[in-house]
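Q: One structure coming up, written as structure tokens, with questions to follow.
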Amino acid sequence: MEIANLPLGADSLIAVVGGGSPPYRLLWSTGDTITVIRGLNAGNYGLTVTDANDCRATADFMLTRADEVDFAELGLVLFPNPVRDVLRLEKRAHRAGYSDIQWQILDGRARLLASGLWVASQTTLEQALSSWPDGVYVLRLRLHGRWYVQRFVIQK
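Counting in numbering that gives the first Met the number 0, the sequence shown runs from 0 upward without gaps.
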């Protein structure tokens with residue numbers, strides 16, 4: 000069982016349940032008993048799933064809200080998209096105040112696959128993706144205390 004935030008940065012969480020013996024009973028920390036909960040604020044959420052044999056599993060998720068923007072608005076260009084081998088992010092506009100940028104790549108289930116720090120003195124960030132499966136991914140950047148996200152596609 001896991002909890003996903005799809006699309007990433009949205010105000011909703013979805014329970015992805017497998018294993019055990021259906022039917023499943025869900026109980027979120029909000030009191031909801033449905034698969035998808037919406038209208039959430041940033042914070043910690045818990046889920047307890049009970050199967051037909053009264054076996055229980057729990058999971059926790061910390062929901063953070065992110066602004067999905069075209070990185071060009073930040074003076075950044077993400078290319079190529081779709082990508083085959085190497086994803087690149089470049090600083091195209093000189094902007095005062097560029098600081099080190101924390102970056103993360105997440106899959107469609109909001110699982111963290113790669114992360115790092117893009118130091119202010121570097122103009123290009125590159126990430127090799129040739130061994131990754133085709134699919135939709137998200138690049139998250141933390142810049143000036145805020146998270147920004149942009150989707151990209153791996154297609155071979």
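Glycine residues also receive a C-beta, built at the ideal position from the N, C-alpha and C atoms.
Between the Cα of Phe151 and those of Asp53, Val85 and Trp27, spot the shortest distance and give me the residue it belongs to.
A: For this step, residue 151 is matched to residue 152 along the sequence shown. Among Asp53, Val85 and Trp27, the Cα nearest to that of Phe151 is on Val85.
Q: Within this structure, are the beta carbons of Gly38 and Asp59 separated by less than 7 Å?
A: Locating residue 38 in the sequence shown gives position 39, where the first residue counts as 1. Locating residue 59 in the sequence shown gives position 60, where the first residue counts as 1. The answer is no: Cβ separation not under 7 Å.
Q: Is Ala71 helix, strand or coil when you go by DSSP?
A: Within the sequence shown, residue 71 is the residue found at index 72, counting from 1. It is helical.
Q: Identify the continuous beta strand (DSSP E) that holds Ala113 and give its terminal residues.
A: Position 114 of the sequence shown, counting from 1, holds the residue named residue 113. Taken as a continuous stretch (DSSP letters only), the beta strand (DSSP E) holding Ala113 covers Leu111 to Trp117.
Q: When you compare only the Cα positions, how much space is there between Ala119 and Thr57?
A: Numbered from its first residue, the sequence shown carries residue 119 at position 120. Numbered from its first residue, the sequence shown carries residue 57 at position 58. Distance between the alpha carbons of Ala119 and Thr57 is about 40 Å.
Q: State the CB to CB distance for the pair Leu75 and Arg91, rounded to an integer number of angstroms; the pair is presumed to be in contact (CB under 8 Å).
A: Position 76 of the sequence shown holds residue 75. Position 92 of the sequence shown holds residue 91. That pair is a contact at about 7 Å.
Q: Restricting to Cα atoms, I'd like to know which of Thr47, Ser20, Asp69 and Ala51 is closest to Ile33.
A: Against the sequence shown, residue 33 aligns to sequence position 34. The shortest Cα separation from Ile33 among Thr47, Ser20, Asp69 and Ala51 belongs to Thr47.
Q: Please say whether Glu89 and Thr123 have beta carbons closer to each other than 7 Å?
A: Taking the first residue of the sequence shown as position 1, residue 123 is located at position 124. Taking the first residue of the sequence shown as position 1, residue 89 is located at position 90. For Thr123 and Glu89, yes; Cβs fall inside 7 Å.
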